[in-house]
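Protein chains in written order, with the working numbering: chain V, -10 to 99; chain D, -10 to 99; chain E, -10 to 99; chain H, -10 to 99. Ideal Cβ positions, reconstructed from N, Cα and C, are used throughout, including at glycine. All of these numbers come straight from a predicted model, not from anything done at the bench. Working notes for the structure below.
Number of protein chains: 4
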Amino acid sequence: MRLSDKAPRAPHSAAQECHPKHVVQPHKAALLKRLNRIAGQVRGISSMIEQDRYCVDILTQISAIHSALDAVSMQLLRDHTQGCVQAAIKSGNGKPAIDELLQVVQKFTR
Amino acid sequence: MRLSDKAPRAPHSAAQECHPKHVVQPHKAALLKRLNRIAGQVRGISSMIEQDRYCVDILTQISAIHSALDAVSMQLLRDHTQGCVQAAIKSGNGKPAIDELLQVVQKFTR
Amino acid sequence: MRLSDKAPRAPHSAAQECHPKHVVQPHKAALLKRLNRIAGQVRGISSMIEQDRYCVDILTQISAIHSALDAVSMQLLRDHTQGCVQAAIKSGNGKPAIDELLQVVQKFTR
Amino acid sequence: MRLSDKAPRAPHSAAQECHPKHVVQPHKAALLKRLNRIAGQVRGISSMIEQDRYCVDILTQISAIHSALDAVSMQLLRDHTQGCVQAAIKSGNGKPAIDELLQVVQKFTR
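Now the structure itself:
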């Protein structure tokens, strides 16, 4: 686990603050709330299996978890691009930030 | 929540037992174990956000959760096809079972 | 390229006729029409690039091609399940047909 | 069809030239070559169906077309981000370019 750099830092214009690899998510509370709900959905799948519920109903619920996770990912991607990537480009260091962005986007495409 | 039909029923050849909509998953223990791990991964995402971890690392972990969920879905789909769908076809009632199978498969494609 | 087996064969109840690996698609004409349209969409992407059209518009069109291909795949999957897979199950040989079906489904999930 | 703006324009540092919505793709020749191959793959699917080839083999080939299209999309996305999006950010107009980028990324996720 990477140690985050918690030294004080000057605020910059982006909503998301990127200092080396320490990032305060601008939608932190909303993301945590969504993830809490997703954790509940995963426990719900376990209960359905324990209760011998119908496979197709379970699969439908799993598909809903994928959608909920995708909403979290899109929020993170948007904030990352508006924050870290934009800041890197403005500081003349866009290339590695864009390469990294595209690499992670690729993980979410087919 | 649909009430499952818990009346006694005759065993059939498929590993998965389908009686109306009450299905004992043949890989129940393994599925529950996987889902337990996935619930842990979701809590891990929350921790990463709370600890202001780097967005790209969080996104990479979310992509791993999608893969883990897909492994659960493929197991459920396989057992559903070998169990319920096969049993429906053998009893001469394949059409609705196949339609339902394809509908749920479609939820997992792009 | 596998040589298809064109020997005469007895018709069976499924709409799709499966003889070893020779399969007359029950929706042949409709599939060919769809594929013809998809080929046109692909040529359309080339034209957009040649005409220096805007990247985002090109990407939107590519996403439409994925959807059109998925419609073809779902039709093929449905006919394959109702035809070949169902016939294999009825003849008591369901296991390999189901394994193969799930393997190809997996190629279309994330 | 949007008329592209073919007025002369000053070159900028990005490899990709964005003038309103007229974009010369920096990997134009390579993209056209890839798309030509994809058009051939689509015609190949039609031939397979005409020749009554096995459904699972056809589906496997369709899955290969999705992958080939994804390679084109990733190239376009990368060049778009390094070109148009980066240029918009540098000119202080990043917000709409980033919103548009994320919208198109979303079309390629599940």
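For Lys17/D, the neighbours in chain V by C-beta distance under 9 Å run, in chain order, Ile38, Glu39, Asp41. Rounded to the nearest whole angstrom, the CA to CA distance from Ile47/V to Gln75/E is 24 Å. Between the alpha carbons of Leu91/H and Leu66/V lies a distance of about 8 Å. In terms of beta-carbon proximity, Arg23/H stays away from the interface with chain V, with every pair separated by 8 Å or more. Contacts with chain V at 8 Å (Cβ-Cβ) include Gly83/H. Val31/H and Ile27/E do touch by the CB rule: their CB atoms are close to 5 Å apart, below 8 Å.
About 6 Å separates the beta carbon of Val94/V from that of Val94/H, a gap short enough to meet the 8 Å contact definition. The DSSP assignment places 11 to 13 as complete runs of the beta strand (DSSP E) inside the stretch 10 to 75 of chain D, in order along the chain (cut-off: 3 residues). Annotation: His69/D to Met63/D spans about 10 Å, alpha carbon to alpha carbon. Interface with chain V (8 Å Cβ-Cβ cutoff): Ile34/D is included. If you draw a straight line from the Cα of Leu20/E to the Cα of Met37/H, it comes to about 11 Å. At a cut-off of 8 Å between beta carbons, Leu91/E makes no contact with chain H.
Of the candidates Gly81/E, Asp59/E, Gln14/E, the residue whose Cα lies closest to the Cα of Phe97/E is Asp59/E.
As the crow flies, the alpha-carbon of Gly33/H is around 13 Å from that of Ser52/H.
Identification of residues in the stretch 63 to 74 of chain V having a C-beta nearer than 9 Å to some C-beta of chain H yields Met63, Leu66, Arg67, Thr70, Gln71, Val74, given in sequence order.
Under the 10 Å beta carbon count, Gly83/H is surrounded by 16 or more other beta carbons and is classified as buried.
The beta carbon of Val94/V falls within 8 Å of a beta carbon belonging to chain H, placing the residue at that interface. For Thr49/V, no Cβ of chain H is located within less than 8 Å of the residue's own Cβ. For Ile78/D, the neighbours in chain E by C-beta distance under 7 Å run, in chain order, Gln75, Ile78, Lys79. Within the same chain, Cβ atoms closer than 8 Å to the Cβ of Ile54/V are found at Ile27, Gln30, Val31, Ile34, the five residues on either side in sequence being excluded. Neighbours of Ile54/V in chain D, taken as residues at a C-beta separation under 7 Å, are given in chain order as Leu58.
Chain-ordered, the chain V residues with CB closer than 7 Å to the CB of Ile27/D read Val31.
Within a 10 Å sphere around the beta-carbon of Gln40/D sit fewer than 16 other beta-carbons, which makes this residue exposed.
Nearest to Pro15/H by alpha-carbon distance, out of Leu24/E, Ser80/E, Arg42/E, is Arg42/E.
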